[in-house]
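*Asks:* First residue of the sequence shown: 720, per my numbering; consecutive thereafter. Glycine included, each C-beta is placed from N, C-alpha and C at the ideal position. The structure under discussion is supplied below as structure tokens; questions concerning it will follow.
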Amino acid sequence: MTSSLECDVLVVGGGAGALTGALTAATLGLDVILAEKTEYLGGTAAYAGAGLWLPLNSVSAAAFADTREKVDAYIAATTDGTGFADLREAYLDAAPEMVDFLLQDPSVEFHWRAFPDYYPDAPGYMPSGRAIFPKPLPDWAIGNDLVRLIRPELPLIRGGHDTGNKLRGGRALLGRLIQACVRAGVRIELEAPLRELDTRPGEVVGACLGGRDGDMNVRVRTGVLLAAGGFDHDIDMRKREGHPVEAGWQMGAPGSTGEVLAEARRIGADADLLHEAWWTPAFDTPLGPSFRVHQRGHPGSIVVDQDGRRFCNESLPYDRIGRAFRTGVLNGTLTLPAWFIVDQAYVDRYGLNGEPPRAPVPEEWLAGGFAYCGDTLDKLAAALGIPAENLGKTIERFNGFADAGVDEEFGRGDNAFDLFFGDPDVNPNPALAPVRTGPFYALPMVLSDLGTKGGLRADPHARVLDESGVPITGLYAAGNIMASWTGSCYPGPGAPIGSSMVFGYLAARHMVDRAQK
Ligand SMILES: Cc1cc2nc3c(=O)[nH]c(=O)nc-3n(C[C@H](O)[C@H](O)[C@H](O)COP(=O)(O)OP(=O)(O)OC[C@H]3O[C@@H](n4cnc5c(N)ncnc54)[C@H](O)[C@@H]3O)c2cc1C
């Protein structure tokens, strides 16, 4: 049976940008329905640490001094002519305003902690970072009924954490936003996928949603905000757009399959940057990719290709090393998996892929083709099927760099970012230690991502543009469904969720203005 609904604002998607847009519109008096395709709210933010790169916000202002001039210089140097200047200005103008707006809600709390920007050599670089984080939230503070709505943590092998009875990181952000949305009167529909946008010439006036009890035709008085994520898991489309990836390498939540982007394009929306993603390498576990962002930065780790040779600075920020993987695969110099190699001293000091220090590498990893071990480097090379002579020479040279404290090949440890993730007790270079004490271990690394970031072209109010650059009345976009203001740059931790939230906020503000006219 098909039912009919009416609202001011329909939000499509249930991630952080969708919830921010819904909360903003509802708080400012609009009648909002939020429709999420899956059985959970949260999208990929549920897997995230939820750093939010929101320069010049009032929370981080209490921790360190920053200026718009510095931020502008940093962005100008790092985006390298890619991205969209009008969206960048809108983002930087609105980020502090959005934080203050959200903080008016008693459910929303942030704190600052250090996590550096990703381009340490750029002017305006902030070594302490520009990201804020949601404060953890005990389950009881929002109640089990709301906790159950949030997409569960990743399994431990994929980078999840056992957080007990507390929501942390992205799940804390989501819990806070969901509680605020419910209080503000947002009507939440789960398992309600957008099927079709309803249009009049040049205008979106509603949508058809699937539903647990049948389809729903929603008439929309003011606008539809598309915050349905990227096309992470549409591997055919990704290959068509030049992404050198295979199915199963993606870290994004399962709902990011791109059909909402396709539907917007069907009604005439323009798209750009479709070759782009928030890149990263990841360990290729039997349950899917594992992020483990700190692991590469610890000294005593090395990444080699299938010839047993290094091809990058292992300590690079994840998007930048991801781009090295991507470039290597695209130009034919790199075949994946690459191999992340450590020795017993590393395992004892830092642990492997989330296991605690000194914990033995799990038998099932070794038996199941995820982890490889060799008493000697020759034996490890044989297990990996890579040339032992090359691997031996590579590691001998690398160990020489570690002893001298200077990576003559890729400059690992030459900058503040590498040192942040290094080990201050390791000398002379905290980012470099030898790989010398057998047994030796290897994990396969593939090219993964935190979501695609090419999609709908939008204006500074988050209005979706048609192919002639004119806003489609009543249609808005936020997050990975949108062609990102960052272009091919990942300025610092929290740019993806930050972008989703800020453009969700801007869309809602514009819809509120529209509704009042
Ligand atoms: C391990 C990990 C750690 C990360 N850490 C960070 C971090 O610390 N900071 C940061 O900024 N980013 C981080 N990211 C990236 C970030 O989480 C995502 O890029 C971001 O959350 C994407 O937001 P979004 O709103 O565009 O989409 P999503 O969060 O993916 O939300 C989209 C939602 O729309 C729903 N949807 C899809 N199709 C439909 C449809 N047809 N109808 C209705 N709903 C639909 C989906 O099911 C999903 O719930 C991390 C990612 C991973 C994997």
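Thinking C-alpha only, which one of P1018, Y837 and E910 is nearest V1125?
*Replies:* Comparing Cα-Cα distances from V1125 to each of P1018, Y837 and E910, the minimum goes to P1018.
*Asks:* I'd like the list of long-range same chain contacts for D785, defined as Cβ closer than 8 Å, with 5 residues on each side in sequence excluded.
*Replies:* P774, L775, S779, M845 and R849
*Asks:* For the candidate residues I954, T721, T757 and A764, whose alpha-carbon lies nearest to that of G734?
*Replies:* For G734, the nearest C-alpha among the options comes from A764.
*Asks:* Reducing DSSP to helix, strand and coil, say where G740 ends up.
*Replies:* helix
*Asks:* Pull the bridge partners of R919 from the DSSP assignment, please.
*Replies:* E922
*Asks:* Do you know offhand how far A1057's Cα is from Y837's?
*Replies:* 23 Å
*Asks:* Can you have a look at K1172 and say buried or exposed, based on whether 16 or more other CB atoms are within 10 angstroms of its CB?
*Replies:* Around the CB of K1172, 16 or more other CB atoms lie within 10 Å, so the residue is classed as buried.
*Asks:* With which residues is I752 paired in a DSSP beta bridge?
*Replies:* L729 and R906
*Asks:* Going by DSSP, name the residue or residues bridged to L945.
*Replies:* Answer is V731 and A1196.
*Asks:* Quick check on DSSP: helix, strand or coil for W968?
*Replies:* If DSSP states are grouped into helix, strand and coil, W968 belongs with coil.
*Asks:* Would you check if the distance between the CB atom of M935 and the CB atom of S722 is smaller than 8 Å?
*Replies:* yes
*Asks:* Return the CA-CA distance between H1013 and A745, expressed in angstroms with no decimal places.
*Replies:* 39 Å
*Asks:* Identify whether P775 lies in helix, strand or coil by the three-state DSSP scheme.
*Replies:* Checking the sequence shown, residue 775 turns out to be Leu, not Pro. DSSP places L775 in coil when its eight states are reduced to three.
*Asks:* Looking at the structure shown, is M1220 part of a helix, part of a strand, or coil, going by DSSP?
*Replies:* Residue state, collapsed to three classes: helix.
*Asks:* In the DSSP assignment, the beta strand (DSSP E) including L747 goes from what residue to what residue?
*Replies:* That residue, L747, is in no beta strand (DSSP E); it is neither H nor E in DSSP.
*Asks:* Could you tell me how far apart the beta carbons of L875 and G1073 are, in whole angstroms, since I believe they sit closer than 8 Å?
*Replies:* Indeed, because the Cβ distance is near 6 Å, the residues count as touching under 8 Å.
*Asks:* Distance check for G1217 and G770, CA to CA, integer angstroms please.
*Replies:* 8 Å
*Asks:* Comparing C-alpha positions only, which one of P1076, A1078 and A1102 sits nearest to G1086?
*Replies:* The amino acid at residue 1086 is misidentified as Gly; the sequence shows Ala. Of P1076, A1078 and A1102, the residue nearest in Cα terms is A1102.
*Asks:* Quick one: complete alpha helix (DSSP H) runs, 4+ long, within the region 1121 to 1166?
*Replies:* Counting only runs of 4 or more, we get 1135 to 1140.
*Asks:* Rounding to the nearest angstrom, what Cα-Cα distance links P973 and A1161 in this structure?
*Replies:* Looking at the backbone, the Cα of P973 and that of A1161 are separated by about 28 Å.
*Asks:* For the alpha helix (DSSP H) holding P1008, just list the boundary residues, first then last.
*Replies:* No alpha helix (DSSP H) holds P1008; the beta strand (DSSP E) holding it covers G1007 to S1009.
*Asks:* In angstroms with no decimal places, state the Cα-to-Cα distance between G1007 and G1170.
*Replies:* 15 Å
*Asks:* Out of L760, G1157 and D1232, which one is the CA nearest neighbour of R890?
*Replies:* L760
*Asks:* Please state the DSSP three-state secondary structure of A1100.
*Replies:* helix
*Asks:* Only counting the same chain, and skipping five residues up and downstream in sequence, which positions put a Cβ closer than 6 Å to that of E828?
*Replies:* K854
*Asks:* Taking only the alpha-carbon atoms, compute the straight-line gap between K789 and A1090 and give it to the nearest angstrom.
*Replies:* 44 Å
*Asks:* Could you tell me whether the Cβ atoms of F1059 and M1164 are closer together than 8 Å?
*Replies:* yes
*Asks:* Taking the C-alpha atoms as reference points, what is the distance between R959 and D1133?
*Replies:* Rounded to whole angstroms, R959 to D1133 spans 38 Å at the Cα level.
*Asks:* Could you give the uninterrupted runs of the alpha helix (DSSP H) lying entirely in the region 1034 to 1115, keeping only those of 4 residues or more?
*Replies:* 1037 to 1049, 1063 to 1069, 1082 to 1086 and 1096 to 1103
*Asks:* Quick check on F1002: does DSSP put it in helix, strand or coil?
*Replies:* strand
*Asks:* Using a Cβ-based criterion (distance less than 7 Å to any ligand heavy atom), does N1199 qualify as near ligand 1?
*Replies:* yes
*Asks:* Within its chain, find whatever has a CB closer than 6 Å to the CB of V1145; leave out the 5 residues flanking it on each side and keep chain order.
*Replies:* P1018 and A1152
*Asks:* Please report the straight-line C-alpha distance between V937 and F1129, rounded to a whole angstrom.
*Replies:* 56 Å
*Asks:* Which ranges does the alpha helix (DSSP H) cover as unbroken runs of at least 4 residues, wholly within the region 800 to 864, from first to last along the chain?
*Replies:* 804 to 822 and 858 to 861
*Asks:* Tell me whether M720 counts as near ligand 1, meaning its Cβ is closer than 7 Å to at least one heavy atom of that ligand.
*Replies:* no
*Asks:* On the three-pair Cβ rule with 8 Å, is the region 906 to 926 touching the region 877 to 884?
*Replies:* no
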